[in-house]
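Below is one structure, written out as structure tokens, with a few remarks after it.
Numbering (the UniProt record's numbering), first residue to last: 1 to 735.
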């Protein structure tokens, strides 16, 4: 404030020009600077006195201000008090170094007494002057009391810094980048962003305690947790409480904060989203953030869930990117350091996979691993999921994964967009994530863009390096246990991925095409996951079991996939009396068992499948299982069985041309039978049917296949038939 604005203060008090009060302030400041011991308390006293003079002067500049006799008397009393303080402080400052050292405690008490005198004098205004100025002066007195008691009293809550994190891995680059920006003569403004449990608070604490910043800011490093901020406790109220400022006046609180925080200082606002996320509070919070950024010498660092930076501040460039999960090596180091488990131990990688390298999840699970065996923890994980990830009473977001995730799921940004929660639940069924086009295929188009935006803003989902919208494992498990998707949204999701599964074993083909396999493999983990979930939902169990059959075919054809789903699907198909599906699952299991790829008695499995096919009249299944069982018979008997089954299939096909799948069923066993004549005849029959269906391309392919087997067959009739079919294929238009 300029002296011109304060020029009338002395006139109001009847003491001459306004410069008198400011002149006294200068003398007090000089004397305080000369104090060698208790210097911090003395300079704080001088600063607060000047602030009070400025506040009184500002009040006088109000347009409708008219000084009352009480006001004038108060100013006179204040001037007298300053004169006494000046004399006392000069007496201390003029002592020799040795005298100040000897009388350190006495002088400290004297400085506290001076502060009390200032408070007593300004207290007279409490009943005689205007209430607004009283608020201002009361705030300054509160700050003065804290400052003058600094030699013996504890610091304000904001100065009680938490120690640096005990376990800190994988954030070296972020730490150094932040320290470089903060260790500057110009203030810096940083936002540490990231999803739940990513270690934002730990990073902020590590930065606060970095030696370079300890040297630069000294005691002027402050940490304020914003968790308590809500509609009743604004950020300004929270900061006032943290700095010991007692006032109901917003302008007075800001003035006091400016006085406390000016100069080289660093303020950390942890969990800033609590004060900022609500639309009702956002504008006010951003205005206060802008005010803080305007305080001379103050650097501000916030931690905030999500990937969106608040307005109101010109955030320092380059921005810190949102925190990602830890790299595999750092995640391993963190887990091993806490748990003392050898990384080569059995189940170690399975345990670590449960966390998806989220720091908080690693810390909580590693803590459990200190006294529980790995296999026990894995069993608990299957039953309890993220609910087991807690320490002590698990009452806050730093000691409970569920609490941390709940804060994000129930945040104002998410609850304002209910479809985002449904989308997150559906994505939680997809361990590989989903590209944008796939999401649009199974999620309402009108809601896609907004829902994706909300999930990205809150870092509940991220785009991975394959451009897929991805949800981390602990979040997936939490959603599926606490916020399972609504049934109305499941049909489209299940239908999309099961349609991919049905590409594996299309009717009329003896094996999965390379194109189908290439289409399915990139989504295989998602298809398995969706199928497992479908098997647990009575509405979708039949479709899920059918998809499981196709996955079993893929496993037999290519070796890709997992045997686990067979047992689950069999249990469901038996319970639901799905005889054909049960038989198909048993058939694939029998084939795998014969290859020694999985445990089981191939013959028993195939016979049960054959029996079920007979019960439903499934001719293709009967032929397939019969041919496969014949392979264990003597060669002569096996050949007779093969010929009989082929005649049966051919008769059925000639009666019903739509039954081309019977040829597909019989061809795999025939391929290993050595009955090349039967194979050639089968391919030619299939080609003839394809021609009548105007599928020239398939017909031509079948004829070529037949001719390969005819090379070792001397039956003239078959050779002539093949030549005739080839001419028909060549003459027919390609369709």
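The beta carbon of each residue, even a glycine, is placed where N, CA and C say it ideally should be.
Smallest Cα separation from residue 544: which of 513, 557, 679, 585? Taking the chain shown and counting its residues from 1, one reaches residue 544 at position 544. Measuring from the Cα of residue 544, the nearest candidate turns out to be 585.
Please list, in chain order, all residues of the same chain as residue 657 whose beta carbon is under 8 Å from its beta carbon, the five residues on each side excluded. Your numbering for residue 657 matches position 657 in the chain shown. Reliability of the predicted coordinates at residue 657 is poor, the pLDDT of 48 falling under 50, and the value obtained from them is presented with this limitation in mind. Only 689, 692, 693 meet the Cβ criterion.
Identify which residue in 325, 111, 218 has its Cα closest to the Cα of residue 475. Numbered from 1 along the chain shown, position 475 holds the residue referred to as residue 475. That would be 325, whose Cα lies nearest to the Cα of residue 475.
Which of helix, strand or coil DSSP assigns to residue 463: In the chain shown, residue 463 corresponds to position 463, counting from 1. Residue 463 falls in the strand class under three-state DSSP.
Among 104, 560, 457, which one has its Cα closest to the Cα of residue 193? Counting from one through the chain shown, the residue named residue 193 turns up at place 193. Looking at the Cα atoms, 457 is the closest of the given residues.
Which ranges does the alpha helix (DSSP H) cover as unbroken runs of at least 4 residues, wholly within the region 327 to 392, from first to last along the chain? For the alpha helix (DSSP H) assignment, the uninterrupted runs of no fewer than 4 residues enclosed by the region 327 to 392 are, from N- to C-terminal side, 328 to 339, 348 to 355, 359 to 369, 374 to 384.
Completely contained alpha helix (DSSP H) runs for the region 545 to 592, where each covers 4 or more residues: Positions of the alpha helix (DSSP H) runs, each at least 4 residues long and wholly inside the region 545 to 592, are given as 564 to 575 in order along the chain.
What do you get for residue 50, buried or exposed, if any count of 16 or more other CB atoms within 10 angstroms of its CB means buried? Position 50 of the chain shown holds residue 50. Per the 10 Å Cβ criterion, buried.
Alpha carbon to alpha carbon, how far is residue 191 from residue 459? Give it in angstroms, no decimals. The count along the chain shown starts at 1 and reaches residue 459 at position 459. The count along the chain shown starts at 1 and reaches residue 191 at position 191. Between residue 459 and residue 191, the C-alpha separation is close to 14 Å.
Pick from 223, 212, 111: whose alpha carbon is nearest that of residue 272? Along the chain shown, read from residue 1 onward, the residue named residue 272 stands at position 272. Closest option to residue 272, Cα to Cα, is 223.
Proximal residues to residue 347 (C-beta, below 7 Å), its chain only, five neighbours per side dropped: Here residue 347 corresponds to residue number 347 of the chain shown, with the count starting at 1. Closer than 7 Å at Cβ, skipping near neighbours: 374, 375, 378.
Specify, as a first and last residue, the run of the beta strand (DSSP E) that residue 443 falls within. For the purposes of this step, residue 443 is taken as residue 443 along the chain shown, with counting starting at 1. Neither: residue 443 is in no beta strand (DSSP E) and is coded neither H nor E.
Rounded to whole angstroms, what is the Cα-Cα separation between residue 420 and residue 447? Residue 420 sits at position 420 when you count from the first residue of the chain shown. Residue 447 sits at position 447 when you count from the first residue of the chain shown. Approximately 8 Å, taken between the alpha carbons.
Could you work out which residue in 353, 314, 227, 464 is closest to residue 293 when comparing CA atoms only? Taking the chain shown and counting its residues from 1, the one referred to as residue 293 is at position 293. Looking at the Cα atoms, 314 is the closest of the given residues.
Using 9 Å as the threshold, is the C-beta distance between residue 310 and residue 286 below it? Numbered from its first residue, the chain shown carries residue 310 at position 310. Numbered from its first residue, the chain shown carries residue 286 at position 286. In terms of Cβ geometry, residue 310 and residue 286 form a close pair [threshold 9 Å].
Counting pairs of Cβ atoms below 8 Å between the region 160 to 178 and the region 257 to 265, do you hit three or more? no
Return the CA-CA distance between residue 600 and residue 505, expressed in angstroms with no decimal places. As a first step, residue 600 must be located in the chain shown, where it is residue number 600. As a first step, residue 505 must be located in the chain shown, where it is residue number 505. Computed Cα separation, rounded: 24 Å.
Would you say residue 363 and residue 391 are within 9 Å of each other, going by their C-beta atoms? Position 363 of the chain shown, counted from the start, is the residue given in the question as residue 363. Position 391 of the chain shown, counted from the start, is the residue given in the question as residue 391. Yes.
Taking its Cβ as the centre, do 16 or more other Cβ atoms sit within 10 Å of residue 302, making it buried, or is it exposed? In the chain shown, the residue the question calls residue 302 occupies position 302. Buried, because 16 or more other Cβ atoms sit within 10 Å of the Cβ of residue 302.
Once you ignore the five residues that flank residue 718 on each side, which residues in its own chain have a CB closer than 7 Å to its CB? Position 718 of the chain shown, counting from 1, holds the residue named residue 718. Excluding positions up to five away in sequence, the list reads 677, 680, 681, 710.
Within 10 Å of its beta-carbon, does residue 91 have 16 or more other beta-carbons around it, so buried, or fewer, so exposed? Translated into positions along the chain shown, residue 91 becomes position 91. Result: exposed.
Quick one: residues in its chain with C-beta nearer than 8 Å to the C-beta of residue 528, no 5 flanking neighbours on either side, listed in chain order? Translated into positions along the chain shown, residue 528 becomes position 528. Around residue 528: 551, 561, 562, 565.
Please report the straight-line C-alpha distance between residue 698 and residue 515, rounded to a whole angstrom. As a first step, residue 698 must be located in the chain shown, where it is residue number 698. As a first step, residue 515 must be located in the chain shown, where it is residue number 515. Approximately 15 Å between the Cα atoms of the pair.
7 Å Cβ shell around residue 645 - same chain, five flanking residues per side excluded: Within the chain shown, the letter at position 645 stands for residue 645. Around residue 645: 623, 626, 627, 666.
Tell me the residue span of the beta strand (DSSP E) that contains residue 739. Residue 739 lies beyond the range of the chain shown here (1 to 735); nothing can be said about it.
Under 9 Å between C-beta atoms of residue 165 and residue 205: Taking the first residue of the chain shown as position 1, residue 165 is located at position 165. Taking the first residue of the chain shown as position 1, residue 205 is located at position 205. A contact, by the Cβ cut-off of 9 Å.
Measuring alpha carbon to alpha carbon, tell me which of 444, 469, 477 ends up nearest residue 405. Mapped onto the chain shown, residue 405 falls at position 405. Checking every option, the nearest Cα to that of residue 405 belongs to 477.
Collapsed DSSP secondary structure at residue 475 in the structure displayed: The residue labelled residue 475 in the question sits at position 475 within the chain shown. Of the three classes helix, strand and coil, the one that applies to residue 475 here is helix, per DSSP.
So, at 7 Å on beta carbons, what are the nonlocal neighbours of residue 396 in its own chain, with the 5 sequence-adjacent residues on each side left out? On the chain shown, residue 396 is found 396 positions in, with the first residue counted as 1. These residues qualify, in order along the chain: 403.
With a CB to CB cut of under 8 Å and the five nearest residues on each side skipped, what residues in its chain are close to residue 24? To locate residue 24, count along the chain shown from 1; it is residue 24. Excluding residues within five positions, the ones whose Cβ falls inside 8 Å are 79, 82, 83, 86.
Unbroken alpha helix (DSSP H) run spanning residue 295, endpoints: For the purposes of this step, residue 295 is identified with residue 295 of the chain shown, where counting begins at 1. Segment: none, residue 295 is in no alpha helix (DSSP H) and carries neither H nor E.
With residue 169 as the anchor, note down where its alpha helix (DSSP H) starts and where it stops. Against the chain shown, residue 169 aligns to sequence position 169. Careful: residue 169 lies outside any alpha helix (DSSP H) and carries neither H nor E.
Quick one: measure Cβ to Cβ for residue 500 and residue 520, integer angstroms, because I've assumed they're closer than 8 Å. By one-based count along the chain shown, residue 500 stands at place 500. By one-based count along the chain shown, residue 520 stands at place 520. Residue 500 to residue 520, Cβ: 6 Å. Contact.
What residues are listed by DSSP as bridge partners for residue 199? Position 199 of the chain shown, counting from 1, holds the residue named residue 199. Answer is none; residue 199 lacks a bridge partner.
Buried or exposed (CB count within 10 angstroms, at least 16 for buried), residue 317: Walking along the chain shown from the start, residue 317 turns up at place 317. When all chains shown are included, residue 317 counts as exposed.
For the beta strand (DSSP E) that residue 224 lies in, which residues bound it at each end? The count along the chain shown starts at 1 and reaches residue 224 at position 224. 221 to 225 is the extent of the beta strand (DSSP E) around residue 224.
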